[in-house]
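Line by line, the protein sequences are chains S and E.
The first sequence runs contiguously to residue 431 in the numbering used here.
The second sequence runs contiguously to residue 841 in the numbering used here.
The block underneath contains the structure these notes are about, expressed in structure tokens.
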Amino acid sequence: MRTERGARAVLIVLLLPVGVVVLGGLGSAIMQSVGLMPLVGPVRFNLDAYAATSQDLPVAIGVSLAIAAASTAIAALVGTAAALVVVSGGWLGRLVGIAGAVTISIPHLIGAATIGLLLADSGVLPRLLGIDADAWPPLVGGPWWVAVIAGFAWKESAFVALVVAGTLLTRVAQFDEPAALLGAGRIARIRMIFLPLAAPSLIVASTIVFIYTLGSYEVAWLLGRTYPEPLAVMAIRLFNDVSLTSRTESAAIAIVTVVLAFAAVAVASVAVRRLAVWR
Amino acid sequence: MTITTRELVPALAIPPRRLPGDPGRPLTASRTGSRLGRVGLVVLLLGWFALPLLPLALWAFANQWSYPSPTPTEWGTDGLNSAITAGGIAAFGRSALLGVAVAAIATLIGAVAARALVAGWAPFPRLTTVLLFAPVAIPPFASILGTNVILLRAQVPSLLGLVMVLVVVALPYTTFTLRAAYAAHDMGYEEEARTLGASQAQVFWRIQIPLMAPALARAAFLAFLVGWSDYIVTLIVGGGQLVTVPIITASLAAGVGNDSVVAVLSLAAVIPPVALLMVLAQNGFRGRP
């Protein structure tokens, strides 16, 4: 028992950085945003930072939510299709599995850079398709955030695919074969076995993708437009701004983003609990 | 970023679905029509995953590529030379060191936490679990805007602060991977070795580590990816002191006319993790020992 107590003490020490970053980071961001940790001047509770951003904040929230929703939807769709292929096995399935694993290990910023090289109006895709630069739609930095969403959807579809395939591999065969023996067709087996079994991990993976996309900086910064800005881009711009009040405003945006992320977690956990497989 | 990597080459795990000696195909195998559809779907998916990498392969070796031409107009190594001039080699080394440091620390903490959670001696197990997994639900930019102020006021050196934040970001992945592995780990082996007179150190080095090696490798790989890939934490918490491959690539990609050097740096950033992945996949990365 003495070793156990020692090990527990070691673990508490090892977990200190987690406490500093998670609790300390959130706490200090909250305090900054309400004026309790000013860079200079008196400590006074106020909501000035939230009021100062109130004009641009709703737009930023809208842009961020829209990008996150679109990216997550495409990633979930493509990822589920890829998981289906991976789970059904054979060398084709293995090939898709390898392509997904390679895609996951590409850094997001590098992914954004290469999507830029592909989709820009002088990019590789219009060159290959022989489309004139003037006729090519403004995918990078354009009004529909196409390159940003493509970048997220591409990388995150691989994530969804491997998470869903990973949880299904060991379970799907034991239901799939009896169902086929009993005369269930392909579509019926996808609808009544694959999708219900995949649903919990699909929801969890999609939630992680949604939150990641909501708070990601580099892809939207590199491939997006300068106005309107998504939350992360706006917060980092204000953070690097020279004016003294902008730090508190960037903290306020950070807190708003965290609240949105927690709301997404709450919705997802309700959704998972309602699933038949979970019950 | 985020995977439980035991499924990295998953198709291998499916046993042949027929009895030995049975020449027939399993009922679940695709036939003519649906087989064509399946091949079509696979081609589409492979195109989806591979197409974004095409510019890297083409631009990295293009000295000149005037607009309408579908292939580079002059091949060469100008991009590589500019990448080296821009400090690419040193940045490569810094990125690798950062990745290795994050992998080592996050795997160690993740292993201790996972073992404690599984064995039931973790302090406040619920709070510990929530804390360890919270970074997945908190966007990194949001937590570092707050953390940065604490680190500055506590005068923590920026490099140390950077590694600490990235370790915390990596911990959900290492803890998740290792918790699953420890849950499946048969304590009987350790108990039997102890009964036969092995010391605690011997049990640790000769039973626990070898049995956990594949999971430790998976966890370390995921944590390495966190350090290797990071941009925003390195930028804000690192305070511009640590110039890694993503930092150089970002500053060049934000400008114009750097397509070739951006492609070279991107290739340099893609190859090491993919090579690691292949090496680990060869060495029973996903299999149980």
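The C-beta atom is built at its ideal place from N, Cα and C for all residues, glycine as well.
Predicted, not measured: the structure shown is a model, and the values here were computed from it.
{"Check": "Around the Cβ of I345/S, are there at least 16 other Cβ atoms within 10 angstroms (buried) or fewer (exposed)?", "Outcome": "buried"}
{"Check": "Do G698/E and V535/E count as a contact pair if the criterion is CB distance below 9 Å?", "Outcome": "What is shown of chain E runs 553 to 841, which leaves residue 535/E out entirely."}
{"Check": "Please list the terminal residues of the continuous alpha helix (DSSP H) segment that includes A99/S.", "Outcome": "Since the first residue shown for chain S is 153 and the last is 431, residue 99/S is missing from the structure and cannot be characterised."}
{"Check": "Residues in its own chain within less than 6 Å of A272/S by CB, not counting five upstream and five downstream?", "Outcome": "V292"}
{"Check": "Can you tell me whether A287/S is helix, strand or coil according to DSSP?", "Outcome": "coil"}
{"Check": "When the Cα atoms are used, what is the spatial distance from A225/S to A340/S?", "Outcome": "23 Å"}
{"Check": "Is it true that the CB of S216/S sits closer than 9 Å to the CB of L366/S?", "Outcome": "yes"}
{"Check": "Verify the CB distance criterion: does A821/E have a CB-CB separation below 9 Å to chain S?", "Outcome": "yes"}
{"Check": "What would DSSP say about Q326/S, mapped onto helix, strand or coil?", "Outcome": "helix"}
{"Check": "Could you name the residues of the same chain whose beta carbon sits closer than 7 Å to that of A775/E, not counting the 5 residues immediately before and after it, in chain order?", "Outcome": "V654, A655, A658, T659, A722, Y725, T726"}
{"Check": "Under a Cβ-count criterion, where at least 16 other Cβ atoms within 10 Å of its own Cβ denotes burial, should R343/S be classed as buried or exposed?", "Outcome": "exposed"}
{"Check": "Name the residue from V394/S, R157/S, L396/S whose alpha carbon lies nearest to the alpha carbon of W673/E.", "Outcome": "R157/S"}
{"Check": "Per DSSP, W627/E forms a beta bridge with which residues?", "Outcome": "A614/E"}
{"Check": "Report yes or no: is there a C-beta of chain E within less than 9 Å of the C-beta of F346/S?", "Outcome": "no"}
{"Check": "Any chance the segment 359-376 of chain S sits against the segment 412-429 of chain S, with 3 or more Cβ pairs inside 8 Å?", "Outcome": "yes"}
{"Check": "So that I know if they touch, is there some Cβ in chain S lying closer than 9 Å to that of N835/E?", "Outcome": "no"}
{"Check": "Following the continuous alpha helix (DSSP H) through S185/S, name the residue where it begins and the one where it ends.", "Outcome": "177-185"}
{"Check": "Are the C-beta atoms of L683/E and some chain S residue less than 9 Å apart?", "Outcome": "yes"}
{"Check": "Are the C-beta of W757/E and some C-beta of chain S separated by less than 9 Å?", "Outcome": "no"}
{"Check": "I213/S CB to nearest chain E CB: under 9 Å?", "Outcome": "no"}
{"Check": "Since A821/E contacts G631/E with CB under 8 Å, what's their CB separation in whole angstroms?", "Outcome": "With 8 Å as the limit, A821/E and G631/E do not qualify as a contact, their Cβ atoms being about 14 Å apart."}
{"Check": "Please determine, among I256/S, S180/S, A161/S, T155/S, the residue with the shortest C-alpha to C-alpha distance to A706/E.", "Outcome": "S180/S"}
{"Check": "Where does T378/S fall in DSSP's three states?", "Outcome": "coil"}
{"Check": "Nearest chain E C-beta to T205/S closer than 9 Å, yes or no?", "Outcome": "no"}
{"Check": "Under 8 Å, CB to CB, which of the residues in the segment 594-615 of chain E have a partner in chain S?", "Outcome": "V594, L597, L598, W600, F601, A602, L603, P604, L605, L606, P607, L608, L610, W611"}
{"Check": "What's the C-alpha gap between A351/S and N633/E?", "Outcome": "49 Å"}
{"Check": "What does a CB cutoff of less than 6 Å around T557/E pick up in its chain, not counting 5 residues either side in sequence?", "Outcome": "Residue confidence is low: T557/E scores 48 on pLDDT, short of 50, so the model does not pin down where it sits. Its coordinate-derived value is still stated next. If we look at T557/E and ignore the five residues flanking it on each side, its Cβ neighbours are R770."}
{"Check": "Determine, for L828/E, whether the minimum Cβ-Cβ distance to residues of chain S falls below 9 Å.", "Outcome": "yes"}
{"Check": "How many Å lie between G585/E and A806/E at the Cα?", "Outcome": "47 Å"}
{"Check": "Where do the N-terminal and C-terminal ends of the alpha helix (DSSP H) with Y202/S fall, by residue?", "Outcome": "200-204"}
{"Check": "Quick one: which chain E residues come within Cβ less than 7 Å of S398/S?", "Outcome": "What S398/S touches in chain E: nothing, since even the nearest Cβ is about 11 Å away."}
{"Check": "Could you give the first and the last residue of the continuous alpha helix (DSSP H) run that contains V238/S?", "Outcome": "209-239"}
{"Check": "Using the Cα positions of T198/S and G245/S, report the straight-line distance between them to the nearest angstrom.", "Outcome": "The sequence given here places Asn at residue 198/S; Thr does not occur at that position. The straight-line gap from Cα to Cα measures roughly 57 Å."}
{"Check": "Buried or exposed for D286/S, please, with buried defined as at least 16 other CB atoms from any protein chain shown within 10 angstroms of its CB.", "Outcome": "exposed"}
{"Check": "For R338/S, name the three-state secondary structure that DSSP assigns.", "Outcome": "helix"}
{"Check": "Reducing DSSP to helix, strand and coil, say where S257/S ends up.", "Outcome": "coil"}
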